[in-house]
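Trainee: Note that my numbering has the sequence shown beginning at 558, numbered continuously upward. Positions of the beta carbon are idealized from the N, C-alpha and C atoms, including for glycine. Please read all numbers here as calculations on a predicted model, not as lab measurements.
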Amino acid sequence: MLILLGASHRSAPLEIRERLAISRADLPGGLVRLTEVDGVEEGLIFSTCNRTEILIRTDQSLDAMRPGLRAFVAGQHAVNERQLEEHTYELTGESAIRHLFRVASGLDSMILGEPQITGQIKRAYDAAREQRATGAILDRLLQHGFSTAKRVRTETAIARNPVSMATAAVSLARKVFGGIEGHRVLVLGTGEIACLLARHLQGQGIGSLFIASRSYSRAVTTSAELGAEPTHWGRIMERVEEVDMVVSCTGAAEQVITREELSPVLRRRRARPLFLIDLAVPRDIDPEIRRLEPVYLYDVDALQGIVDSNLGERQTAAREAGEIVEQEVDSFVRWRRSLSVTPQIVRLRKDVATTVDHEIARFLKQHAPIDSELEQAVRRLVGRVSQKLIHGPIRQLRDAASGGDEESNSEDGPRQVFRGGKER
558 MLILLGASHR
568 SAPLEIRERL
578 AISRADLPGG
588 LVRLTEVDGV
598 EEGLIFSTCN
608 RTEILIRTDQ
618 SLDAMRPGLR
628 AFVAGQHAVN
638 ERQLEEHTYE
648 LTGESAIRHL
658 FRVASGLDSM
668 ILGEPQITGQ
678 IKRAYDAARE
688 QRATGAILDR
698 LLQHGFSTAK
708 RVRTETAIAR
718 NPVSMATAAV
728 SLARKVFGGI
738 EGHRVLVLGT
748 GEIACLLARH
758 LQGQGIGSLF
768 IASRSYSRAV
778 TTSAELGAEP
788 THWGRIMERV
798 EEVDMVVSCT
808 GAAEQVITRE
818 ELSPVLRRRR
828 ARPLFLIDLA
838 VPRDIDPEIR
848 RLEPVYLYDV
858 DALQGIVDSN
868 LGERQTAARE
878 AGEIVEQEVD
888 SFVRWRRSLS
898 VTPQIVRLRK
908 DVATTVDHEI
918 ARFLKQHAPI
928 DSELEQAVRR
938 LVGRVSQKLI
948 HGPIRQLRDA
958 ASGGDEESNS
968 EDGPRQVFRG
978 GKER
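Have a look at this one:
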């Protein structure tokens, strides 16, 4: 059974999501602990700014696995049983498959069609494989999910005029400032979202762009790629004093800008407005800062209110994408069901091979001595005939299993398909 336990922007507020978030550095240890939960055969942990989800394969029921999974989440994060009950969702089987495919395709994102989500899931999958947390079923499921996402992006309009958290942030900045041309911007972080946002800002004609990272060498490298100016991490508050806009997306475990640090900086700015966008989960910027004047602070939940100019087109594309997802869910479910008859197919092939060997041996004994060349010809002929005879029954077994026919899984399944499905 596949079981998915998660929390997203649809089920949990930011303060819960940031407590559930797992950093990239903590992910390997989390995967090890997840696979140690009794009953977990395979596992995956996926954590972004808008969701944290756990996907497992198990031979046990959801009721049997629920206590262990919730204990894992509660032990990993500062949440209690009531909060888990209120803000998480549980999906099993086909529902879990459908959810994964929709998430990978950007259909469950805060910004519909967000392109970064597929890459984020791939990195989570890579981490799980490095820890040997996945096996044949989750490997096949994730690969199928990636191919589904590719179909959605190539066969629908959801990939046109792409919108992400980064572009939504730029749109909000333009509304606040009435335009961002000539403004000075400090970006904290050098990850994918931070770099994407920096490029969007440059495309909008900003005046100056500064990049800061805890690793100064990374800030230098990223600045060189973007044509920006690197800033030492220890001097970011000096930059905050100069710039008009700060965008933070570092993935740090602690806040990087606090109210105590910012208050004296604001006094030196002499009432110049400061626009802050916090795209990180957990939050990089102390939410108490929004009480200060003249500061405009927006976090990832605030971005939900931005209406994309292409929303109508994307919603139409989303309906088309949903049809693709359903096709791919059906395809994966059929494959998964077909695995149930593999033992019967192996036994059928073995029984046929044994019968062929027995009959050939009897034929050779009855007609001894026989020319070796003729013997080989007989073996080839009988082998070809036997393979052709069992090809149809094997296909029937697989088709019946993929369609959910429980008779195909019985011990008599192979005999029934040989006899047209009925014992005579």
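Whole angstroms are fine: how far does the CA of ILE737 sit from the CA of ARG576?
Mentor: Translated into positions along the sequence shown, residue 576 becomes position 19. Translated into positions along the sequence shown, residue 737 becomes position 180. Near 33 Å, if we compare the C-alpha coordinates of ILE737 and ARG576.
Trainee: Just mark ILE1042 as buried or exposed, buried being the case when its beta carbon has 16 or more other beta carbons within 10 Å.
Mentor: Outside the displayed span of the chain (558 to 981) sits residue 1042, for which this structure offers no information.
Trainee: From the DSSP output, which residues share a beta bridge with GLU786?
Mentor: Taking the first residue of the sequence shown as 1, we reach residue 786 at position 229. Answer is PHE767.
Trainee: Run the CB neighbour count on SER709, radius 10 Å, all protein chains shown included, and call it buried at 16 or more, exposed below.
Mentor: Looking up residue 709 in the sequence shown gives position 152. Note that residue 709 is Val in the sequence shown here, rather than Ser. That one is buried.
Trainee: Using DSSP with H/G/I as helix, E/B as strand and the rest coil, what is ARG840?
Mentor: Here the question's residue 840 lines up with position 283 in the sequence shown. Coil at ARG840, not helix or strand.
Trainee: Can you tell me which residues form a DSSP beta bridge with GLU647?
Mentor: Here residue 647 refers to the residue found at position 90 when the sequence shown is read from its first residue. Beta-bridge pairing links GLU647 to LEU562.
Trainee: Using only the alpha-carbon positions, how far apart do ALA564 and TYR646 sit?
Mentor: Locating residue 564 in the sequence shown gives position 7, counting from the first residue. Locating residue 646 in the sequence shown gives position 89, counting from the first residue. Answer to the nearest angstrom: the Cα atoms are 6 Å apart.
Trainee: Let me check understanding here. Comparing Cα to Cα, which of LEU836, PRO851, ILE814 and LEU831 lies closest to ASP843?
Mentor: Taking the first residue of the sequence shown as position 1, residue 843 is located at position 286. The candidate whose alpha carbon is nearest that of ASP843 is ILE814.
Trainee: Between which two residues does the alpha helix (DSSP H) containing SER820 stretch?
Mentor: Here residue 820 refers to the residue found at position 263 of the sequence shown. Note, SER820: alpha helix (DSSP H), 816-826.
Trainee: Once DSSP output is grouped into helix, strand and coil, what is the label at GLY772?
Mentor: Here residue 772 is taken as the residue at index 215 of the sequence shown, counted from 1. In the sequence as displayed, the identity of residue 772 is Ser instead of Gly. Three-state result, SER772: coil.
Trainee: At what residue ranges does the stretch 614-662 contain a whole run of the alpha helix (DSSP H), taking only runs of 4 or more?
Mentor: 619-633, 638-644 and 650-661
Trainee: Select from ALA706, GLN923, GLY670 and LEU698 the residue whose C-alpha is nearest the C-alpha of ARG870.
Mentor: For the purposes of this step, residue 870 is identified with residue 313 of the sequence shown, where counting begins at 1. Residue 870 is actually Glu in this sequence, not Arg. Considering only alpha carbons, the answer is GLY670.
Trainee: Is MET802 closer than 8 Å to GLU818 when the C-beta atoms are compared?
Mentor: Here residue 818 is taken as the residue at index 261 of the sequence shown, counted from 1. Here residue 802 is taken as the residue at index 245 of the sequence shown, counted from 1. No.
Trainee: Check the C-beta distance from LEU601 over to ALA685 and give it rounded, since I have them as a contact under 8 Å.
Mentor: Start at 1 with the first residue of the sequence shown, and residue 601 comes out as number 44. Start at 1 with the first residue of the sequence shown, and residue 685 comes out as number 128. That belief holds up - the Cβ atoms of LEU601 and ALA685 are roughly 5 Å apart, short of 8 Å.
Trainee: Can ALA755 and CYS806 be called in contact, C-beta distance under 8 Å?
Mentor: Indexing the sequence shown from 1 puts residue 755 at position 198. Indexing the sequence shown from 1 puts residue 806 at position 249. Not closer than 8 Å, so no.
Trainee: What does a CB cutoff of less than 8 Å around VAL864 pick up in its chain, not counting 5 residues either side in sequence?
Mentor: Here the question's residue 864 lines up with position 307 in the sequence shown. Confidence is the limiting factor: at VAL864 the pLDDT is only 48, short of 50, which leaves the residue's position unreliable, though a coordinate-based value still follows. Correct list: empty, nothing qualifies.
Trainee: Starting from VAL857, follow the beta strand (DSSP E) in both directions and report where the run begins and ends.
Mentor: Position 300 of the sequence shown holds residue 857. In the DSSP assignment, VAL857 falls outside any beta strand (DSSP E) and carries neither an H nor an E.
Trainee: Once the 5 residues before and after SER845 are set aside, which same chain residues still bring their CB inside 6 Å of it?
Mentor: Numbered from 1 along the sequence shown, position 288 holds the residue referred to as residue 845. The amino acid at residue 845 is misidentified as Ser; the sequence shows Glu. Beyond the five residues adjoining it in sequence on each side, GLU845 comes within less than 6 Å, by CB distance, of ARG816 in the same chain, given in chain order.
Trainee: Are the CB atoms of PHE603 and GLU610 within a distance shorter than 8 Å?
Mentor: Stepping through the sequence shown from its first residue, residue 610 is reached at position 53. Stepping through the sequence shown from its first residue, residue 603 is reached at position 46. Result yes, Cβ atoms of GLU610 and PHE603 sit closer than 8 Å.
Trainee: Tell me whether SER929 sits in a helix, a strand or coil according to DSSP, three-state version.
Mentor: Counted from its first residue, the sequence shown places residue 929 at position 372. Reduced to three states, the DSSP call for SER929 is helix.
Trainee: On the DSSP letters alone, give me the boundaries of the beta strand (DSSP E) that ASP835 sits inside.
Mentor: The sequence position of residue 835 within the sequence shown is 278, counting from 1. Here the beta strand (DSSP E) through ASP835 covers 831-835.
Trainee: In its own chain, which residues sit with a C-beta less than 6 Å from the C-beta of ALA569, not counting the 5 before and 5 after it?
Mentor: Here residue 569 refers to the residue found at position 12 when the sequence shown is read from its first residue. Answer for ALA569: HIS644, listed in chain order.
Trainee: According to DSSP, is ILE611 helix, strand or coil?
Mentor: Taking the first residue of the sequence shown as position 1, residue 611 is located at position 54. Three-state result, ILE611: strand.
Trainee: Using only CA atoms, which one of ALA785, GLY746 and MET667 lies nearest to ALA859?
Mentor: What you label residue 859 is simply residue 302 of the sequence shown in a count that begins at 1. Out of ALA785, GLY746 and MET667, MET667 has the C-alpha closest to the C-alpha of ALA859.
Trainee: Taking the beta carbon of HIS740 as the centre, do at least 16 other beta carbons fall within 10 Å, making it buried, or is it exposed?
Mentor: What you label residue 740 is simply residue 183 of the sequence shown in a count that begins at 1. Burial call: buried.
Trainee: Could you work out which residue in ARG826, ARG825, VAL742 and VAL804 is closest to ALA785 when comparing CA atoms only?
Mentor: Here residue 785 is taken as the residue at index 228 of the sequence shown, counted from 1. Ranking the options by Cα distance to ALA785, first place goes to VAL742.
Trainee: Taking the Cβ atom as the reference point for each residue, do ALA878 and LEU561 lie within a distance shorter than 8 Å?
Mentor: The residue given as residue 878 occupies position 321 in the sequence shown. The residue given as residue 561 occupies position 4 in the sequence shown. Cβ distance not < 8 Å, so ALA878 and LEU561 don't count as in contact.
Trainee: For the beta strand (DSSP E) containing GLY587, list its first residue and its last residue.
Mentor: On the sequence shown, residue 587 is found 30 positions in, with the first residue counted as 1. That residue, GLY587, is in no beta strand (DSSP E); its alpha helix (DSSP H) goes 584-592.
Trainee: In or out: SER965 buried (at least 16 other Cβ within 10 Å) or exposed?
Mentor: Along the sequence shown, one-based indexing puts residue 965 at 408. Residue placement at SER965 cannot be trusted, given a pLDDT of 49 that sits under 50; what the coordinates show is reported in the next sentence. With 16 or more Cβ atoms within 10 Å of its Cβ, SER965 is classed as buried.
Trainee: Determine contact between the stretch 827-842 and the stretch 851-858, defined as no fewer than three beta-carbon pairs at a distance below 8 Å.
Mentor: Segments in contact, yes.
Trainee: Contact check, GLY587 vs GLN633 under 8 Å by CB: the rounded distance?
Mentor: Taking the sequence shown and counting its residues from 1, one reaches residue 587 at position 30. Taking the sequence shown and counting its residues from 1, one reaches residue 633 at position 76. Confirmed, about 6 Å.
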